[in-house]
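Structure first, then comments.
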Amino acid sequence: MPGGGGRWLLLGTALVQAAAPPLVGFDSDAADPPIVPPGPFFAVWGVVVLGCLLAAVWGLPRRRAGAAPYRLVQLPLSLVQLGFVAWLFAAGSRLAWLTLPIFAGMLIGLVVVLRRVLSDPGGDRVSRGLLGGALGVYTGWSTAALWINAATLLPRGALDGPTGLALQCTFVLAATAAAAVGAYIFRGQLPYTLTTGWALAGVTVSAVMAGLAVLAVTAAAGLLMVVATALLRRRTVALRPGG
Numbered sequence: 001m002p003g004g005g006g007r008w009l010l011l012g013t014a015l016v017q018a019a020a021p022p023l024v025g026f027d028s029d030a031a032d033p034p035i036v037p038p039g040p041f042f043a044v045w046g047v048v049v050l051g052c053l054l055a056a057v058w059g060l061p062r063r064r065a066g067a068a069p070y071r072l073v074q075l076p077l078s079l080v081q082l083g084f085v086a087w088l089f090a091a092g093s094r095l096a097w098l099t100l101p102i103f104a105g106m107l108i109g110l111v112v113v114l115r116r117v118l119s120d121p122g123g124d125r126v127s128r129g130l131l132g133g134a135l136g137v138y139t140g141w142s143t144a145a146l147w148i149n150a151a152t153l154l155p156r157g158a159l160d161g162p163t164g165l166a167l168q169c170t171f172v173l174a175a176t177a178a179a180a181v182g183a184y185i186f187r188g189q190l191p192y193t194l195t196t197g198w199a200l201a202g203v204t205v206s207a208v209m210a211g212l213a214v215l216a217v218t219a220a221a222g223l224l225m226v227v228a229t230a231l232l233r234r235r236t237v238a239l240r241p242g243g
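Under our numbering, the final residue of the sequence shown carries the number 243; numbering is consecutive throughout.
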């Protein structure tokens, strides 16, 4: 952005993103379906918010803000951070269905910025590591959470019984497929892989607590598939000349 405004936009939206949860308030429903991980798994949002804030502060000096990778991500990441605030407002309103397109837009933006950071050789190692780490966690969690979000928007009772169990397994398989594609695209990036795995582990724990063995096995198998994809991708990249 002209005049170095991008660095201030990134910091401002990171601050808004950090302030929004306690101000807007959002509590998970006690009647959440088993596909929703237990509450402690959502602590990852704290990592996301803190990581984005630290990355924005680190990228504030002009010498970093005007160079890669910061110059490449300031505007799209700022939009993602505003999207998170919009998601919180939608989730606590009668327009909860808006959370899905908002989340989808956030995920698209995150994929764009994470690919830019990982593919651009510019910038110092600390900047790339800080941005890549924060974005990897953000993108990894969002990849799985999008499908969990979609499942919770179904009418109450739609996820009950054998048909509901099949639907939940379908959403888990979709999350697994998306996470595996992400693990391949991002070359098995560790923060991304660990966070998608964390989400699927949460589904596994929730399913075990609900006594749904089929859902638990589906989520656990998905976790193993994502990890295997990431490991194979990292091995392939390492074996390439110059990899």
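Here a beta-carbon is modelled for each residue, glycine too, at the ideal position from N, C-alpha and C.
Once DSSP output is grouped into helix, strand and coil, what is the label at residue i?
| i | result |
| --- | --- |
| Arg-233 | helix |
| Val-203 | helix |
| Gly-25 | coil |
| Gln-168 | helix |
| Pro-2 | Residue confidence is low: Pro-2 scores 48 on pLDDT, short of 50, so the model does not pin down where it sits. Its coordinate-derived value is still stated next. In the structure shown, Pro-2 sits in a helix (DSSP, three-state: H, G or I). |
| Leu-9 | helix |
| Leu-154 | coil |
| Leu-173 | helix |
| Ile-148 | helix |
| Ala-31 | coil |
| Pro-241 | coil |
| Leu-224 | helix |
| Arg-187 | coil |
| Val-214 | helix |
| Gly-122 | coil |
| Leu-159 | coil |
| Arg-94 | coil |
| Pro-40 | helix |
Starting from residue i, trace the alpha helix (DSSP H) in both directions and tell me its first and last residue.
| i | result |
| --- | --- |
| Gln-81 | 70–91 |
| Arg-116 | 99–119 |
| Val-44 | 44–58 |
| Arg-63 | 62–65 |
Pull up the CB-CB distance for residue i and residue j, whole angstroms please, since I reckon it's below 8 Å.
| i | j | result |
| --- | --- | --- |
| Gly-244 | Ala-230 | Residue 244 is absent from the structure shown; the chain starts at 1 and stops at 243. |
| Val-57 | Leu-100 | That pair is no contact at about 32 Å. |
| Ala-151 | Pro-33 | 6 Å |
| Arg-7 | Leu-88 | At roughly 25 Å, the Cβ-Cβ gap does not stay under 8 Å, so Arg-7 and Leu-88 are not in contact. |
| Arg-62 | Ser-127 | That belief does not hold up - the Cβ atoms of Arg-62 and Ser-127 are roughly 13 Å apart, past 8 Å. |
| Ala-96 | Leu-153 | 7 Å |
| Leu-98 | Ala-90 | 4 Å |
| Gly-222 | Thr-170 | No, Gly-222 and Thr-170 are not in contact; Cβ-Cβ is about 12 Å, not under 8 Å. |
With 8 Å as the threshold, decide whether the Cβ of residue i is near any Cβ in chain C.
| i | result |
| --- | --- |
| Thr-143 | No chain C appears in the structure shown, which is made up of a single protein chain. |
Cβ-heavy atom distance between residue i and the ligand ADP below 7 Å?
| i | result |
| --- | --- |
| Leu-232 | Summarising the ligand content, the structure contains no ligands, and the ligand ADP is consequently not present. |
- For the 8 Å Cβ check, are there 3 or more pairs between the segment 203–222 and the segment 157–170? With a cut-off of 8 Å, the segment 157–170 and the segment 203–222 count as touching, because enough Cβ pairs lie within range.
- Query: Would you call the segment 141–156 and the segment 183–200 in contact, with 3 or more CB pairs under 8 Å?
  - Reply: A contact exists between the segment 141–156 and the segment 183–200.
- Message: Three Cβ pairs or more, each shorter than 8 Å: is that satisfied between the segment 15–27 and the segment 84–103?
- Response: Output reads yes: the segment 84–103 touches the segment 15–27.
- Message: Taking 8 Å as the cut-off, does the segment 49–64 touch the segment 217–236 (at least 3 CB pairs, one atom from each stretch)?
- Response: Here the segment 217–236 makes no contact with the segment 49–64; the two share fewer than three CB pairs at distances below 8 Å.
- Message: Across the segment 64–78 and the segment 113–126, are there enough close Cβ pairs to call them in contact, namely three or more that are closer than 8 Å?
- Response: With the rule of 3 Cβ pairs closer than 8 Å, the segment 64–78 counts as touching the segment 113–126.
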